[in-house]
Each structure stands twice: as C-alpha cells, then as structure tokens.
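Protein chains in written order, with the numbering used here: chain A, 75 to 595; chain B, 23 to 278.
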C-alpha cells in the first residue's frame with residue numbers, strides 16, 4: 075500500500091473536490107512547489123504567487139516564511155492572515171461535540187451564564203452523542219441522557235444521536251455510540267475546520283486534516299453561547315514516518331512508539347503533525363488511531379494532511395464544502411522526529427502509563443486474565459477485522475475472557491456482516507464465536523474508562539478470581555484502549571497493557587502478552 | 023495563562039456593558055489576618071493593593087487601549103498540603119464512575135468534592151478526605167510533573183475546588199487541566215520553579231503567596247519560588263472566565 079500512496083497524496087492536493095475555490099489554491103501553492111516533482115496531474119494548475127501578507131519579523135530578526143497546517147487552520151478560523159505559535163486568537167468553531175458525561179454540565183453552564191431562554195449559537199454546528207454510560211442501571215447516568223434529550227428538543231438540535239431503548243440498541247436507529255468514531259462516520263470531520271469536543275480524545279479528528287481538541291465544560295458552555303473560543307496557537311512537532319509498514323504492525327504500534335519516545339508530557343501544549351510515506355499509506359481509521367492518542371503525549375492536537383484517502387472517505391458522508399490546508403514548505407517546526415517504520419516491532423504500554431513502552435515479545439511471561447477490544451482507539455471496524463485475522467490465522471481458541479465492544483452501531487453491523495478476507499466469507503462475529511470470544515456487546519465507551527459498576531467488562535476486582543488461590547495476582551488486561559493509568563478500567567490495582575488489536579488477539583490466544591508474529595507469520 | 027492573555031486584544035468582539043459585581047459563589051474569601059496559623063482550616067488572606075480601583079473594578083474598555091488596566095492583588099493561601107507525585111491523571115483525581123455527577127448542580131458539586139483524589143492507588147496511605155466528609159483538611163495540593171493529564175473532564179479541578187483545595191503547586195501541568203482550572207476558577211494551578219514534591223510531606227504547613235510567586239513551607243522552613251500565574255490570576259480570582267469577562271465588561275452582566 076505504501077508504494078502508491080506517495081503519488082496519491084500529492085496529486086490530490088489539487089483535486090478540486092468540493093469547489094474549494096481560489097483561496098484554497100493560494101494556500102496550497104507552496105505545497106505544490108514542494109511536491110511538484112512527484113505530482114502527476116492532468117490538470118494544469120495556474121501557478122500564482124501566493125499572496126504575501128506582511129509578516130512581523132520574529133524576535134530573532136529573521137522573517138517568517140511559512141506556516142504549519144495547524145497554524146493555517148487557526149489563522150483561517152480567526153480571520154487573520156497569519157498566526158505564530160504562542161499567539162492567542164479567538165477562533166470560530168465549526169463543530170462542537172459533547173456527550174452524556176460532560177454535556178449536562180456544559181448545558182448547565184450555558185444556561186446559567188447566557189440565561190434560561192438562551193439559544194445555542196448554531197443548531198446545526200452542535201453534535202450531541204450519548205456514548206459513555208448508556209447500558210447501565212445507574213439512575214444518574216440515565217438522567218444525564220435525558221438532560222441531553224430535553225436540551226436537544228428545546229434547542230431543535232439537528233445532530234442528536236439519541237437512545238431510548240436501552241434493552242436493545244438496535245431498536246434505536248439514531249443511536250451511534252463512541253463519539254469520535256461516530257463523528258467521522260457521520261461526516262462531521264472535515265479538512266481545514268475547527269472541531270472542539272468535551273472529551274480529550276476529540277483530537278482523533280485531526281486525522282481528517284483539521285484542528286480538533288478537547289475542552290472542558292466551561293469552555294464548551296462559552297462556545298455554546300458564542301461559537302467562539304480563545305486558543306493559543308501551538309508550536310508543531312513533526313513526525314515523519316517512512317517505510318513500508320510490516321503486516322504485523324498497526325497504527326497503534328506507531329503511536330505507542332512515539333509516546334514511548336517523547337513521554338506522556340512530551341507534546342504538552344503542542345501540535346503533532348504526522349507525515350511520511352507510511353502515514354500516507356494508512357487508511358482513515360488507522361490515521362484516526364494515530365491522532366487519537368496524541369493527548370496521551372500531552373498534545374493539543376494531532377494532524378494529518380488530507381489526501382485522496384480522506385476525500386474518498388468523505389464522499390457521500392458530507393455535503394458541506396470544505397477547504398483543506400497544508401503546511402508550507404518553509405513552515406517552522408519545534409522539532410522533527412523520523413521513524414523507519416519497517417524496523418519497528420509490535421509494542422505494548424505497560425502499567426500504569428501510556429509511555430511505559432516495551433516490545434510485546436519482552437512481556438511474553440506476563441500472564442493475563444482478560445482481553446478487551448473496543449473504544450475510540452481500538453474499537454473500529456478495522457480493529458475487529460485485525461483481531462479476526464489473528465484468530466483466523468491461528469485457528470485456535472482464546473484462553474482468557476475476550477471482551478469485544480464495537481465503537482458504534484455501524485461498527486457492530488460491520489462485525490456481523492463484512493466478510494473477513496481469506497476466511498471464505500466468514501464475518502468477524504463468526505470468527506470470534508469460533509475462537510470462543512464473548513459475544514460483541516452493545517456499542518459504547520464500555521469499560522475503557524471504567525464507568526458505573528455494572529459496565530460490561532469493567533475491571534471490578536483487584537485480583538483475578540482464579541489467581542487468588544495461587545497467592546494473589548492483580549487483574550491483568552491486554553486492551554486496545556488508550557489509557558492505563560491506575561483505575562482507568564475500574565479497579566485501581568488493575569494492570570492494563572495497551573496494545574494493538576493484533577497483539578490483543580494474539581495475547582487472548584495464549585493467555586500471556588504475545589507478539590502477534592507468533593500467529594501472523 | 024493562555025486563557026487570559028489575549029482577552030484584552032479581543033474585547034472588541036464583545037459588547038461591553040455595565041458592570042455588575044458578583045461575589046464568587048464558590049470560594050470563601052474571608053479577610054483573615056495574616057499570618058495566623060491554624061492547622062486545620064485553610065485560611066486565605068486576600069488583600070488588595072490597587073490604589074484606584076478595587077479588585078472587582080471593571081477593566082477599562084480594552085477597545086481603547088490594548089492593555090487592560092490590571093489591578094494588582096495579593097492573594098495568600100495558608101494551610102496543610104497533600105503531596106502527590108508525577109503524572110497524576112484526572113482518573114485518579116476523580117474516577118470515571120463519579121462523572122455522572124453534574125458539576126453545575128450545587129448538590130452534585132458538593133458530592134464531587136467528597137470523591138476528590140479517591141482514585142489514588144493504595145500507595146498513598148493518608149486519605150485526602152476522611153470518610154463521611156465532603157471536604158479535605160488539605161487546602162494545597164503539591165504535585166510533580168504533568169499534573170492533571172489524561173481525560174479532559176472538568177470534574178477534576180471542580181472536585182478539588184469543591185473539596186476545599188485552593189491551589190495546586192506542581193512542576194508542570196497537562197494543558198486541559200490547567201485551562202479548566204482557570205476557566206472554572208476552582209483552583210490556582212501554580213507552577214514551581216523546581217521540583218518540590220519530594221521536599222514537602224503531606225501535612226506540612228504551607229503558605230502560598232500569589233502576588234509574590236512564593237511558597238513557604240513552615241514545617242521545613244524552606245522557601246520556594248513559583249512561576250508567576252500572570253493574567254490567569256485575575257481570572258481565577260474573579261471565579262472563572264465568565265465572572266472575569268463580566269467584570270471586565272467583555273460580556274453583558276447576567277440577568278439576575
């Protein structure tokens with residue numbers, strides 16, 4: 075896949091997909107210079123001199139020559155010709171997302187500050203997605219979804235993905251599931267835009283070449299009333315990932331590699347831009363995994379240039395015109411990191427920190443008592459396809475309880491309907507059943523963040539029941555989720571190994587943390 | 023700090039209107055003589071050294087001058103500290119199972135406080151909050167690197183504030199926690215010049231002087247420099263971004 079992508083991505087910069095108009099061309103023009111050698115385009119693109127706006131000399135006395143794509147998006151959204159890292163700018167918000175955990179509080183602040191009868195700034199730009207605590211008898215959790223519903227009715231909110239029948243999620247055609255995956259699937263993620271959400275993993279949407287970041291209730295309350303937010307322009311770290319991706323690696327390995335490299339605070343306040351032939355070869359879902367975990371390095375946003383892969387994904391999902399932007403050739407980066415992906419190996423993050431990186435094979439003696447495949451990070455269609463591929467290759471049964479929580483209703487449908495390549499037409503669900511996994515659960519955030527005590531697959535005990543008689547071992551989970559801080563999946567002594575769906579499935583088959591090459595080669 | 027520094031330049035985007043003073047409904051701000059050391063109750067000494075305007079004076083129209091007139095205040099906290107390490111994520115500050123509590127609801131706000139820091143692993147042997155209590159006797163939290171990382175839940179600074187924490191002093195912060203602390207005005211997220219979480223012990227008696235950017239540990243007799251809180255200080259002092267914006271005349275006063 076890597077071979078063709080370099081060409082694809084550079085040529086698509088000029089596909090006038092959605093009537094982007096002249097301004098898009100001028101903003102891309104320096105990109106064209108950079109990639110002209112590789113570009114194969116039948117179109118003749120008029121090369122016009124980019125409009126030079128007056129730039130302030132930097133403090134060093136040198137003159138700025140270009141902007142990163144994050145800077146460009148924020149400049150555009152704040153109606154400024156240019157911005158520099160450190161600038162505080164008022165940004166117009168294209169989409170605000172909230173969910174059942176932070177929505178009620180944000181609504182409370184909105185009403186308190188703007189008045190009981192206030193209207194949101196734009197009923198079509200607010201997306202409300204119940205997803206965190208849905209399939210629970212917790213009354214307060216249920217009430218919080220009711221608060222969202224009442225608010226959406228009152229405000230006539232266009233995009234509210236409601237659930238009323240908790241007994242059978244499929245009886246709720248509007249219900250989606252995990253917000254970050256639903257945002258993409260429903261076409262709310264678009265290149266060049268600013269998307270905010272009351273959830274730290276909102277950065278997932280950066281995969282679409284947009285600025286996306288998580289905010290708190292108070293900021294969201296402010297956005298609800300004004301459609302604006304004050305943001306500091308972050309400096310950008312650039313991650314160049316080249317080389318053909320080995321077929322036992324997934325994007326999860328790449329981001330665990332990066333977080334292990336720069337630490338859980340290595341990108342605090344910073345943008346993380348992912349480029350290179352490997353990134354160009356990734357599917358949208360894999361790009362989402364990469365951007366999803368930038369917050370685990372402290373990053374403000376992650377971003378990947380939009381290309382043909384992006385446009386193909388968006389085809390039919392949105393009719394809103396969008397305007398992709400690209401980093402200038404002379405853009406300034408705080409630091410650049412380079413990785414030869416062909417040399418990487420399957421990784422895990424050991425307890426209790428996402429930067430506690432180790433090779434999966436180094437942890438082969440770690441006995442586990444469960445596997446969890448789900449969440450915005452590792453609960454997408456391709457994540458389940460990857461797990462099914464390992465089960466299929468092994469032909470064996472899992473040795474520990476293996477919990478599967480599709481992120482959204484769409485993913486759940488895919489798990490039950492899409493044939494797994496090389497299986498003779500079997501679906502993921504059939505392969506999972508044959509391997510002895512738990513039946514795929516109703517789509518939601520599930521046990522990724524623990525949640526109410528009755529949450530499916532939550533780590534409720536300190537110790538694995540069948541280990542107690544052996545003298546006591548902590549409950550150990552290999553999980554495709556994003557965080558392994560103490561208590562993240564329930565019990566605070568629970569041990570979580572973050573891993574790719576390949577590694578998670580391989581570990582389920584052996585009962586130990588396992589390098590997927592044991593089954594894939 | 024990011025939150026406030028650009029406020030001045032963009033005030034013009036908001037309608038300026040008459041100013042209505044509003045006392046912070048969250049923080050008790052008694053004028054207590056300082057120093058007066060008492061171990062159990064957090065004491066706050068709040069003195070204003072602005073000659074012309076009180077702290078709650080509206081900042082002059084920044085449309086006219088790009089730098090708003092900042093009133094110099096000296097806010098001092100005094101109390102016991104609770105000491106934490108590096109990478110204290112928001113799941114440890116307030117575990118996800120309590121996120122059903124809605125912070126904007128006063129009863130649930132209070133309850134959130136009772137769960138503050140209950141997600142800490144058992145290696146922290148001293149309880150932050152005694153069973154049955156809603157608030158903590160520790161009013162200053164000391165942390166290491168990357169305090170408040172992880173989930174963006176605003177419940178985290180809210181839980182600390184509701185538990186009676188006035189300031190966190192850490193080596194560095196995760197971005198969203200810092201911003202949420204300022205936006206809500208719940209706690210001062212202060213940065214120490216050097217690592218202090220190994221030099222302070224839970225239960226030490228501390229004084230934090232915001233104006234002087236100084237922390238004094240009375241138990242050990244040591245003094246530490248803090249990084250200035252800058253323009254975020256007045257926002258927190260006002261009780262958050264909305265209260266500050268009203269004081270400054272950036273947004274219209276709320277209809278009572």
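Note that beta-carbon positions come from the ideal geometry of N, C-alpha and C, so glycine has one too.
Point to revise | Span separating the alpha-carbon of residue 392 of chain A from that of residue 259 of chain A | key: If you draw a straight line from the Cα of residue 392 of chain A to the Cα of residue 259 of chain A, it is about 10 Å long.
Exercise for review: Kindly indicate if chain A contains any beta-carbon less than 9 Å away from that of residue 89 of chain B.
Suggested key: Confidence is the limiting factor: at residue 89 of chain B the pLDDT is only 38, short of 50, which leaves the residue's position unreliable, though a coordinate-based value still follows. No, residue 89 of chain B lies away from the interface with chain A (no Cβ there is under 9 Å from its Cβ).
Point to revise | Host alpha helix (DSSP H) of residue 463 of chain A (start-end) | key: Where residue 463 of chain A is concerned, the enclosing alpha helix (DSSP H) stretches over 455-468.
Review point. Between the beta-carbon of residue 526 of chain A and the beta-carbon of residue 480 of chain A, is there less than 9 Å?
Key: No, the Cβ-Cβ distance between residue 526 of chain A and residue 480 of chain A is not below 9 Å.
Point to revise | Rounded separation between residue 357 of chain A and residue 385 of chain A - CA only | key: One alpha carbon belongs to residue 357 of chain A, the other to residue 385 of chain A, and they sit about 11 Å apart.
Point to revise | Residue closest to residue 110 of chain B, alpha-carbon to alpha-carbon, out of B:193, B:169, B:185 | key: Closest option to residue 110 of chain B, Cα to Cα, is B:169.
**Study point:** Under 7 Å by beta carbon: chain C residues contacting residue 205 of chain B
**Key:** Absent here is chain C; the protein component of the structure consists of chains A and B.
Point to revise | Neighbouring residues, chain B, relative to residue 553 of chain A (Cβ below 9 Å) | key: Contacts between residue 553 of chain A and chain B, judged by CB atoms closer than 9 Å, are missing: the closest CB pair is about 14 Å apart.
Practice item. Would you kindly check if the distance between the Cβ of residue 275 of chain A and the Cβ of residue 369 of chain A is under 9 Å? Key: Yes. Within cutoff.
Review point. Can you name, in chain order, every residue of its own chain whose Cβ lies under 6 Å from the Cβ of residue 170 of chain A, other than the five neighbours on each side?
Key: Same-chain partners within the cutoff: 200, 270, 297.
Exercise for review: Starting from residue 166 of chain A, find everything on chain B with Cβ-Cβ shorter than 9 Å and list it in chain order.
Suggested key: Within 9 Å Cβ-Cβ: nothing; residue 166 of chain A doesn't reach chain B, min ~11 Å.
Practice item. State the DSSP-derived secondary structure class of residue 486 of chain A, mapped to helix, strand or coil. Key: Assignment of residue 486 of chain A by DSSP, reduced to helix, strand and coil, places it in the helix class.
**Study point:** residue 128 of chain A versus residue 146 of chain A: straight-line alpha-carbon distance, rounded
**Key:** Here the model assigns residue 128 of chain A a pLDDT of 46, short of 50, so the residue's position is not dependable, and the following value carries that caveat. If you draw a straight line from the Cα of residue 128 of chain A to the Cα of residue 146 of chain A, it comes to about 15 Å.
Point to revise | Within-9 Å CB hit, residue 343 of chain A to chain B | key: True, the Cβ-Cβ gap to chain B drops below 9 Å.
Check your understanding: DSSP puts residue 212 of chain A in a beta bridge; with which residues?
Key -> None; residue 212 of chain A has no bridge partner.
Practice item. Give a yes or no on whether the minimum CB-CB distance between residue 122 of chain B and chain A is below 9 Å. Key: With 9 Å as the cut-off, residue 122 of chain B counts as an interface residue toward chain A.
Exercise for review: Find the nearest neighbour of residue 309 of chain A within the set A:342, A:448, A:222, A:514, judged by alpha-carbon distance.
Suggested key: When only C-alpha atoms are compared, the closest one is A:342.
Point to revise | residue 209 of chain B beta carbon less than 9 Å from that of residue 182 of chain B | key: Yes, the Cβ-Cβ distance between residue 182 of chain B and residue 209 of chain B is below 9 Å.
**Study point:** Backbone CA spacing between residue 552 of chain A and residue 366 of chain A [nearest angstrom]
**Key:** One C-alpha to the other measures close to 18 Å.
**Study point:** residue 349 of chain A beta carbon less than 9 Å from that of residue 372 of chain A
**Key:** Not a contact, by the Cβ cut-off of 9 Å.
Check your understanding: Would you say residue 252 of chain A and residue 453 of chain A are within 9 Å of each other, going by their C-beta atoms?
Key -> The Cβ atoms of residue 252 of chain A and residue 453 of chain A sit closer than 9 Å to each other.
Review point. Run through DSSP, which three-state label would residue 477 of chain A get?
Key: Correct three-state label for residue 477 of chain A: strand.
Review point. How close, in whole Å, do the beta carbons of residue 137 of chain B and residue 120 of chain B come, if the pair is a contact with beta carbons under 8 Å?
Key: About 5 Å; that satisfies the 8 Å criterion.
Review point. If you compare alpha carbons, which of A:410, A:490, A:195, A:197 is closest to residue 340 of chain A?
Key: With respect to the C-alpha of residue 340 of chain A, the residue from A:410, A:490, A:195, A:197 having the closest C-alpha is A:410.
**Study point:** Short CB-CB distance (under 9 Å) between residue 566 of chain A and chain B
**Key:** Contact with chain B is found for residue 566 of chain A, since one of that chain's Cβ atoms lies less than 9 Å from the residue's Cβ.
Check your understanding: Can you tell me whether DSSP reads residue 161 of chain B as helix, strand or coil?
Key -> In this structure, residue 161 of chain B counts as strand in the three-state DSSP scheme.
Point to revise | Closer than 7 Å at the beta carbon, the chain B residues around residue 183 of chain A | key: Residues of chain B whose Cβ lies closer than 7 Å to the Cβ of residue 183 of chain A are, in chain order, 126.
Exercise for review: Identify whether residue 248 of chain B lies in helix, strand or coil by the three-state DSSP scheme.
Suggested key: In this structure, residue 248 of chain B counts as strand in the three-state DSSP scheme.
Review point. Using the beta-carbon count (16 or more within 10 Å), is residue 513 of chain A buried or exposed?
Key: Classified as exposed, residue 513 of chain A has fewer than 16 neighbouring CB atoms from the shown chains inside 10 Å of its CB.
Check your understanding: According to DSSP, what are the bridge partners of residue 553 of chain A?
Key -> Beta bridge pairing from DSSP links residue 553 of chain A with A:446, A:572.
Exercise for review: Give the DSSP bridge partners of residue 491 of chain A, in chain order.
Suggested key: Per DSSP, none; premise fails for residue 491 of chain A.
Point to revise | Buried/exposed call for residue 211 of chain B, threshold 16 Cβ in 10 Å | key: Under the 10 Å beta carbon count, residue 211 of chain B is surrounded by 16 or more other beta carbons and is classified as buried.
Check your understanding: Hey, is residue 52 of chain B's beta-carbon within less than 9 Å of any beta-carbon in chain A?
Key -> Low confidence applies to residue 52 of chain B: its pLDDT is 39, below 50, so where it sits in the model is not reliable, and the reading given next is rough at best. With 9 Å as the cut-off, residue 52 of chain B does not count as an interface residue toward chain A.
Check your understanding: So what does residue 306 of chain A bridge to, in DSSP terms?
Key -> According to DSSP, which records beta bridges pairwise, residue 306 of chain A is partnered with A:162.
Exercise for review: Can you tell me which of A:456, A:571, A:476, A:220 puts its alpha carbon nearest to the alpha carbon of residue 482 of chain A?
Suggested key: Comparing Cα-Cα distances from residue 482 of chain A to each of A:456, A:571, A:476, A:220, the minimum goes to A:456.
Point to revise | Which of helix, strand or coil DSSP assigns to residue 390 of chain A | key: DSSP places residue 390 of chain A in coil when its eight states are reduced to three.
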